Amino acid sequence: MTAGISGLRDVWRGGVATWECDEMGHMNTRFYVARCMEAIAMLFGQAGLPRLFAPTSATTLAIRTMHIRFLREARAGTSMHISAGFSAIGDGTAEIVAMMFDSASNDCAATFRLGLGHVATADGGKRPWPEAFAHRVATELVDTPRLALPRGVGDLPATTSASGARAEQLGLHLLGQGAVPHQACDPWGKFLPHAFVGAMADSVRNIITPLRELCASHSDRAGPHFGAAALEFLIRLDDLPGSGDCWEVRSGLACGDGRTMNIVNWMLDPFSGKPVGSMEVVAICFDLETRKLIPIAPAAQAELAAWIVPNLAL
């Protein structure tokens, strides 16, 4: 157990590699998700369902929703660990809370809340939990720590508003497009959650960069140290593409203030317009020298207003 976090189990321990860090000098968000998925595999194994991500498993876990808060930087060489627990268990569904810590200071670097389903690997159909597993988890449920609760995003809507037609109607920017490589898929050919986040993050860079430059042009801290960082993600996964499938990302600025910008991103099938996943990003301007938030000047906020897409949501 991790001291001070009631009921959470230690389920992953490792560190931050240099190649996992991006141009801002800290671990890229896709690797937070990759480590969290390893932690979930360990959590389920400890509860009696090991190897759910193994190629020979008859069932696996399908991630439906993710909420992530990035609280402190994780930089190259930092030792990290994750503690996690079940916050809810249903008929073939579960909710997980996980917290990533700097192992030296024990400061929390990130929090994760995930909603997932138990599905058959053959057809993706919902499957109930084994009775013994469900009973055990029900007796070990944990409360979600206040630190892991949403701050800059709301609740996920019951249904997504994303579609190709809606993207055209709203004039959302085409920020990314590509095809799913086999090495980015799970054993059953579906896009891995951390690879989805990586594709989204790479696409979002194409709106973050001009927004950051706009903010920098009105800041007394403009210069090479003017960067950007994410504070929070809210993610829904509707029907992730498979190996060889094409995708595109349409995005827009939903709102902003003197500290943050909320950017909504839809991943769509470029041919049918069907939504496959969406992500809301709470972004900040970030001083690469002091490693602190840079406020958005009033003049920059006035210009950002022209970028805002009314009624844009996940």
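88 is the number that numbering that gives the first Met the number 0 gives to position 89 of the sequence shown; each next residue is one higher, with no gaps.
Virtual Cβ for every residue (Gly too), placed ideally from N, Cα, C.
Owing to the predicted nature of the structure, the values given are computational and were not obtained by experimental measurement.
Local conformation of residue i per DSSP, three classes
i	result
W265	strand
E302	helix
S162	coil
L287	coil
G13	strand
L213	helix
D101	strand
S82	strand
P94	The sequence given here places Glu at residue 94; Pro does not occur at that position. DSSP places E94 in strand when its eight states are reduced to three.
P392	The question about residue 392 has no answer, for the chain in this structure spans 0 to 313.
S250	strand
V179	coil
G44	helix
L292	strand
W115	Going by the sequence as given, residue 115 is Leu instead of Trp. Strand at L115.
F132	helix
T318	Since the displayed the chain opens at 0 and closes at 313, residue 318 lies outside it and no answer follows.
H172	strand
S260	This sequence places Met at residue 260; Ser is not what is there. Strand.
E19	helix
R68	strand
R220	coil
G255	strand
T138	coil
A109	strand
V281	strand
Check whether residue i and residue j have beta carbons under 9 angstroms apart
i	j	result
F85	L42	yes
L140	V308	no
E22	R290	no
E231	P149	yes
T58	R126	yes
T92	H117	yes
I316	M260	Any property of residue 316 remains undetermined from this structure, which presents the chain solely from 0 to 313.
G163	S271	yes
A133	I88	yes
C214	A301	no
F190	D244	yes
G47	A131	yes
H25	A228	yes
P186	P54	yes
C107	L70	yes
Integer-rounded CB distance, given that residue j should sit under 8 angstroms from residue i
i	j	result
S82	A97	7 angstroms
C184	G241	7 angstroms
I199	M99	It should be noted that the sequence gives Met, not Ile, for residue 199. With 8 angstroms as the limit, M199 and M99 do not qualify as a contact, their Cβ atoms being about 19 angstroms apart.
R29	G197	4 angstroms
G114	R63	5 angstroms
L169	L313	Wrong, their Cβ atoms sit about 13 angstroms apart, outside the cutoff.
Cβ-based neighbour list, residue i, same chain, cut-off 6 angstroms, excluding 5 preceding and 5 following
i	result
A75	V15, T17, C20
L303	G255
A33	H193
E37	W11
G188	G241, S242
Y31	A109
G257	P294, I295
Sequence-distant residues of its chain with Cβ nearer than 8 angstroms to residue i (five each side left out)
i	result
N264	L174, M199, S202, V203, V248, R249, S250, S277, M278, E279, V280
L267	A161, S162, G163, A166, W246, E247, V248, R249, K273, P274, V275
Q45	R8, V10
G13	R34, S78, M79, H80
G222	A215
G151	L230, E231, T259, N261, V281
A253	N261, I262, V263, E279, I307, V308, L311, A312
Contact set for residue i: own chain, Cβ-Cβ below 7 angstroms, skip 5 residues either direction
i	result
R220	D286, I293
D90	P127
H181	S242
H224	D286, L287, E288
T120	S56, A57, T58, T59, W187
A40	L51, F52
H217	A296, A298, A299
At least three beta-carbon pairs within less than 8 angstroms, the segment 175-186 to the segment 282-300: no
Inter-stretch contact at 8 angstroms, needing at least 3 Cβ pairs: the segment 136-145 / the segment 235-246: no
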